[in-house]
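So the structure is just underneath, and the comments pick up after that.
In UniProt numbering, the protein residues as written are 1 to 333.
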């Protein structure tokens, strides 16, 4: 055996794991599989590796917390099933670690200042960002915090280094293609927020599907993903385009509002107007009629974001991830 001291990288290479996993085994951290732990221990013994005590001290000098920062100050946020499912996914992974979760609503100046203080004081080991808008100041605050950052979704002005997103464009395209396959030719849409990546890409998916089918795409109103904007948007569409025979709605909450308006106008769903939503939150199964929608794995989004952040904290370099979507056919289309 060489007299040269073995390195952390050599242990990782022999064990077939990342250097972050080696560090977690050395520091007796949780969330390491039995197989990986045993492989690291064998490699340490074979190489005669002696951990650097200074490096080990630095590795364990964590605050033991991560921040979930949401670009919203809406008091109804916690009643929003999308955010509730994302938070459930985040918490499920946090519970498998020794980390604590801090939630910051940071659309206001006060919320952003709070996040800045947390990061400047090194009170957190990493940040999860959610619901960012175009040119959102949260991105800059997180980048300047010098801790790992994972984005839930992407923003319009930049593609972050580490993110987890759903296939918004492909899911929307599939939804509209399905409506076309039913023989619908006057297909409208209620978009999500056009300063958010998800809202824009669901709109682009709608336009692409209609372009491929040779159908017009001018029956459009813009919403903000809320049920109230679905009510307002559907009323406007019917006033401006009374001949429409289908509508793709960029969120299930907006679709629930649209169904209420169609019912109040005496229109039958799906006979007069077919409706497809997006997300597949629990409400989609209980609307009247039950909502055909695009399922995105919302809780998985929260889980994968958090797993990615934990790996970054451990010194690994995971790749970004786009989760698949799936059309769920029910009674509304």
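Think of the CB as a built atom: it goes at the ideal place given N, C-alpha and C, for glycine as much as any other residue.
What first and last residue would you give for the alpha helix (DSSP H) that runs through residue 296? No alpha helix (DSSP H) contains residue 296, which DSSP labels as neither H nor E.
Let me know the secondary structure DSSP gives residue 225 once reduced to three states. In this structure, DSSP gives residue 225 a state outside helix and strand, which the three-state scheme calls coil.
Does DSSP put residue 159 in a helix, a strand or coil? Of the three classes helix, strand and coil, the one that applies to residue 159 here is coil, per DSSP.
Is the beta carbon of residue 312 closer than 8 Å to that of residue 162? Inclusion of residue 162 and residue 312 in the CB contact set at 8 Å is warranted, their separation being smaller than that value.
Is there contact between the region 113-122 and the region 138-146, where contact requires at least three CB pairs shorter than 8 Å? Using a C-beta cut-off of 8 Å, the region 113-122 makes contact with the region 138-146, since at least three inter-stretch Cβ pairs fall below that distance.
Take every Cβ of the region 228-237, pair it with every Cβ of the region 250-261, and state whether three or more of those distances are shorter than 8 Å. Touching, yes, given that three or more Cβ pairs across the two stretches are closer than 8 Å.
So, do the region 213-223 and the region 263-281 have three or more beta carbon pairs nearer to each other than 8 Å? At 8 Å Cβ cutoff, the stretches do not touch.
Nearest-angstrom beta carbon gap, residue 281 and residue 165 [assumed within contact, 8 Å]: That pair is no contact at about 18 Å.
For my contact list, residue 133 and residue 196 are in at a C-beta cut-off of 8 Å; report their separation, rounded to the angstrom. With a Cβ gap of about 6 Å, residue 133 and residue 196 count as contacting.
Can you tell me where the alpha helix (DSSP H) with residue 279 in it begins and where it stops? Annotation: residue 279 is outside any alpha helix (DSSP H); the continuous beta strand (DSSP E) that includes it extends over 274-279.
Which of the three DSSP states, helix, strand or coil, is assigned to residue 120? Note: residue 120 maps to helix in three-state DSSP.
Is DSSP giving residue 252 helix, strand or coil here? Residue 252 falls in the helix class under three-state DSSP.
Residues near residue 309 by beta carbon distance below 7 Å, same chain, minus five either side: Only 66, 126, 128, 148 and 150 meet the Cβ criterion.
Could you tell me the boundaries of the beta strand (DSSP E) in which residue 286 lies? It is not in any beta strand (DSSP E) - residue 286 carries neither H nor E in the DSSP assignment.
Give the straight-line distance between the Cα atoms of residue 137 and residue 268, rounded to the nearest whole angstrom. The straight-line gap from Cα to Cα measures roughly 44 Å.
What are the uninterrupted segments assigned as beta strand (DSSP E) that are 3 or more residues long and contained completely in the region 295-330, given in chain order? DSSP runs (the beta strand (DSSP E)) wholly in the region 295-330: 321-323 and 326-328.
Roughly how many angstroms lie between the CA atoms of residue 181 and residue 257, to the nearest whole one? Spanning the two alpha carbons is a distance of roughly 25 Å.
Residue from 328, 203, 220 and 227 with nearest C-alpha to residue 290: That would be 328, whose Cα lies nearest to the Cα of residue 290.
Complete beta strand (DSSP E) runs within the region 166-191 (minimum length 3 residues, chain order): Every unbroken stretch of the beta strand (DSSP E) spanning 3 or more residues and falling wholly within the region 166-191 is given here in chain order: 187-191.
Let me make sure I understand the geometry here. Which of 278, 152, 330 and 303 has the alpha-carbon closest to that of residue 295? Residue 295 has its Cα closest to that of 278, out of 278, 152, 330 and 303.
Simplified DSSP assignment, three categories, for residue 197: Secondary structure of residue 197 (DSSP, three-state): helix.
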